[in-house]
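K.L.:
Structure below; questions to follow.
Residue numbers (our numbering): 191 to 994.
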């Protein structure tokens, strides 16, 4: 110790047979400071640099400390002082010393003292060197940032077991802990000494050098303005937290923007999900049309895709912010964001969101079937709620746990109306909280957030009494979503970090004409929330449904006059219009009577709607009308069947004399999802989309009798449409291209290779509608302003603006 001269090492002035004369140090130990809670990030990094620099000086002098721990580090006005070189050795001997293993076992059974900072090789009897100090430094830095020990155990044996085989939990207590700092700590704590930093000098340089991803980001000149903004935004996020912790002043409201990953586009398969600790953002984004779940540390400019989450949607976090639950391939899955494969928990079918409680229970919504619970470790799902089957499109969606881990919020759609309810895991108790056209989430210490007319509202809420206490007030405008599925694009953490996606204009889409080269040749009407539509056989009109919350009606657009008139008149859902071969009638799906079923209405008069098929009960329940054959004999229906068949294709024979007496029969009913069925103009072939190959592809089978089957798409696709002459089949590939396939005439079905025409981005990806007119132009609903590339907004301390 006397050989060391460093401003952050305690000075030894003199030594005798029974005394040491040492520097007088005024302050407190790091251990005492940590008892008060985690250190502010900037302070922790400052002290870490000083500790590492002191240890580097010792190592260069051939001295290994061997007892680095918070109790041996003093905090003074001038920084840290590393103390107690009593166990230091110039040449380390193998195995832990008798003094080092001395520990006090408290009445609670928690080991205190040095063993918690010992490297694995010391317990294994191997020779300890300076890399043992690097391990201990990592444990100390972890404790400074989190306020928790990196490794804990109720006994000496369990503590040693944790050090030898377990990894510390993510550094999640301190909001916005930089990802690079967590990587540094984890490298220091590598089990194998060869995998750690090999010198403390490397650690010092790493702490003093900006993160690699920050420097690399500036090389992407194509997005440099956003990168610069992101750098300052990330810094501002961290500084806002540090400032508040140091000054204890009222926190300031802070808003920043988050762009999609380069080359990717945000997708609306579930809202952005802020981790409970407020440090990370999970979302769905697509590159080349392929959906995947991504995670971005909010202090970083880079997002990373999670392997094993292809086609995943509706991400939600575990309470410890370490795992993400999501849905893919009709299953509930989870994945550890620090690494490892995605694990399947249970089968689900189509879903509408999930939530994860502190007690290890996951609740998810199965479309049309209600809420289910399943252990977070996996197992059998148990039903919790069931929507009113007599109601029009009754459904329960988008659960969110309340703090007690027993009650949860969900959105109920009944009779075309939406409302937020609270349910109980342990009973059949249900309570209506408020009317809202969206999902709702809870934010501590007592608020509900939901959307009304694309405005994000907040309302005080007593989670103990399960009741609202005051009126709702707006906090953000133009929040995306809500019009189709009653889910808006927003999420919130437990510590006041809010994220939401904003749209422009009406939040709908613009019906746009494209030629075969992708050139825009015109638009139809004003932007609106258009669901599905179809061009009339004579090419003079377009029928489309306009949606608002859970209600929709069909409108007719006169292309010659440029006018639009309402065709159906609610008050429920009227959608999925298809034209009769002569253009004199339109068939559509309506929920006006119990479960939905198809109706028809003439286009040239005031005749009443006619029932085409009575409700069939369950299963199946009709969900859409897909096509009307050219000979007028059949209506093609999409239906949700039993839980093991998901989405199926049915055929309704039409009797012109008695339209209501037709009896539908299943055309294609399998365990896979078959949908978007269209019959060729000559009535011989039916094209449809199926996920039987684990992704959507376009197939063709003979019609009306099945016989033969051909896959038309090659690399994923959906939403197929026949040309008016039947010589081509068009579809949208999963990478966002309009594809054309030549269809060869003859008794046998033959098709050419798919050829790309132009890039297109449909709302909903390849599973959305478009149509082709007599002149060969494409009518496509387009989102104005490319809303899927608009940045998300992240708000820190959103509550600050309340009451102003």
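Glycine included, each C-beta is placed from N, C-alpha and C at the ideal position.
Pick out the complete beta strand (DSSP E) segments inside the stretch 855 to 935, 3 residues or longer, and give them in chain order.
P.N.:
Correct list: 855 to 858, 864 to 869, 875 to 880, 887 to 892, 899 to 901, 907 to 912, 918 to 923, 927 to 934.
K.L.:
Could you name the residues that DSSP lists as bridge partners for residue 536?
P.N.:
DSSP output for residue 536 lists 522 as bridge partner(s).
K.L.:
Distance cutoff 8 Å, beta carbons only. Does residue 260 sit that close to anything in chain B?
P.N.:
In summary, chain B is missing from the structure at hand, where a single protein chain is found.
K.L.:
Could you tell me the alpha carbon to alpha carbon distance between residue 755 and residue 747, rounded to whole angstroms?
P.N.:
Each residue's alpha carbon lies about 7 Å from the other.
K.L.:
Can residue 256 and residue 279 be called in contact, C-beta distance under 8 Å?
P.N.:
Contact: yes.
K.L.:
Look at the alpha carbon of residue 249 and the alpha carbon of residue 320, and state the distance between them as a whole number of angstroms.
P.N.:
Their Cα atoms are separated by approximately 7 Å.
K.L.:
Taking all protein chains shown into account, do 16 or more other C-beta atoms lie within 10 angstroms of the C-beta of residue 736, making it buried, or fewer, making it exposed?
P.N.:
By the 10 Å Cβ count, residue 736 comes out buried.
K.L.:
For residue 858 and residue 663, what's the separation of their Cα atoms in angstroms?
P.N.:
Going by the C-alpha atoms only, they are around 49 Å apart.
K.L.:
By DSSP's criteria, residue 134 is part of a beta bridge. Which residues make up the other side?
P.N.:
The chain is shown from 191 up to 994; residue 134 falls before or after that span and cannot be answered.
K.L.:
Please report the straight-line C-alpha distance between residue 983 and residue 688, rounded to a whole angstrom.
P.N.:
Going by the C-alpha atoms only, they are around 8 Å apart.
K.L.:
Consult DSSP for residue 329 and reduce its assignment to one of helix, strand or coil.
P.N.:
In this structure, residue 329 counts as helix in the three-state DSSP scheme.
K.L.:
Nearest by alpha-carbon distance to residue 721: which of 768, 709, 829, 711 is it?
P.N.:
The shortest Cα separation from residue 721 among 768, 709, 829, 711 belongs to 768.
K.L.:
Just curious, the alpha helix (DSSP H) that residue 243 is in, first and last residue?
P.N.:
Element bounds for residue 243: 231 to 250.
K.L.:
Just the C-alpha distance for residue 258 and residue 307, rounded to the nearest angstrom, thanks.
P.N.:
Roughly 7 Å separates the two Cα atoms.
K.L.:
How would you write the range of the alpha helix (DSSP H) that residue 563 sits in, first residue to last?
P.N.:
Taken as a continuous stretch (DSSP letters only), residue 563 belongs to no alpha helix (DSSP H), being part of the beta strand (DSSP E) at 560 to 565.
K.L.:
On the criterion of 16 or more Cβ atoms from any shown chain inside 10 Å, does residue 203 qualify as buried, or is it exposed?
P.N.:
Exposed, because fewer than 16 other Cβ atoms sit within 10 Å of the Cβ of residue 203.
K.L.:
Could you check if residue 1024 is buried or exposed, using at least 16 other CB atoms within 10 Å of its CB as the buried criterion?
P.N.:
Residue coverage of the chain in this structure runs from 191 to 994, which leaves residue 1024 outside it and unanswerable.
K.L.:
Which value, in whole angstroms, describes the spacing of the CA atoms of residue 969 and residue 841?
P.N.:
The alpha-carbon atoms of residue 969 and residue 841 are separated by roughly 26 Å.
K.L.:
Take residue 418 and list the residues in its own chain whose beta-carbon comes closer than 7 Å to its own, dropping the five residues that flank it on each side.
P.N.:
Bear in mind that the predicted position of residue 418 carries a pLDDT of just 42, short of 50, making it unreliable; the figure below should be weighed with that in mind. Excluding sequence neighbours, residue 418 sits near nothing in its chain.
K.L.:
What distance in whole Å lies between the Cβ atoms of residue 902 and residue 931, which are believed to be in contact at a cut-off of 8 Å?
P.N.:
Contact flag correct, Cβ pair sits at about 5 Å.
K.L.:
Can you give me the C-alpha to C-alpha distance between residue 561 and residue 936, rounded to a whole angstrom?
P.N.:
Whole-angstrom Cα-Cα distance: 50 Å.
K.L.:
Hey, how far is the Cα of residue 369 from the Cα of residue 470?
P.N.:
Going from the Cα of residue 369 to the Cα of residue 470 covers about 10 Å.
K.L.:
Quick one: what's got a C-beta closer than 6 Å to residue 191's C-beta in the same chain, skipping five residues either side?
P.N.:
For residue 191, where only same-chain residues beyond five positions count, the Cβ hits under 6 Å are 202, 275.
K.L.:
Can you pull the DSSP bridge partners for residue 787?
P.N.:
BP columns for residue 787 point to 780.
K.L.:
Tell me the rounded alpha-carbon separation between residue 361 and residue 449.
P.N.:
Each residue's alpha carbon lies about 25 Å from the other.
K.L.:
Mind checking who residue 649 pairs with in its DSSP beta bridge?
P.N.:
638.
K.L.:
Cβ atoms of residue 551 and residue 623: under 8 Å apart, would you say?
P.N.:
The answer is no: Cβ separation not under 8 Å.
K.L.:
Opposite residue 713 in the DSSP bridges: which residues?
P.N.:
Answer by DSSP bridge pairing, in chain order: 702.
K.L.:
So, residue 1081 versus residue 466, is the Cβ gap smaller than 8 Å?
P.N.:
Since the first and last residues shown for the chain are 191 and 994, residue 1081 lies out of range.
K.L.:
My output table needs one value for residue 815: the three-state DSSP class, helix, strand or coil.
P.N.:
The answer is strand: DSSP assigns residue 815 an E or B state.
K.L.:
Go ahead and label residue 669 buried or exposed: buried means 16 or more other beta carbons lie within 10 angstroms of its beta carbon, across all protein chains shown.
P.N.:
Answer is buried; the Cβ neighbour count reaches 16.
K.L.:
Grouping DSSP H, G and I as helix and E and B as strand, with all else coil, what is residue 443?
P.N.:
In the structure shown, residue 443 sits in coil (DSSP, three-state: anything other than H, G, I, E or B).
K.L.:
I need the straight-line Cα distance from residue 1006 to residue 942, nearest angstrom please.
P.N.:
The shown model of the chain, from 191 to 994, leaves out residue 1006, and the question about it has no answer.
K.L.:
Is the CB-CB distance between residue 237 and residue 272 below 8 Å?
P.N.:
Not a contact, by the Cβ cut-off of 8 Å.
K.L.:
Can you check DSSP and say which residues form a bridge with residue 334?
P.N.:
Per DSSP, none; premise fails for residue 334.
K.L.:
Given this structure, state the Cα-to-Cα distance separating residue 468 from residue 229, to the nearest angstrom.
P.N.:
Their Cα atoms are separated by approximately 17 Å.
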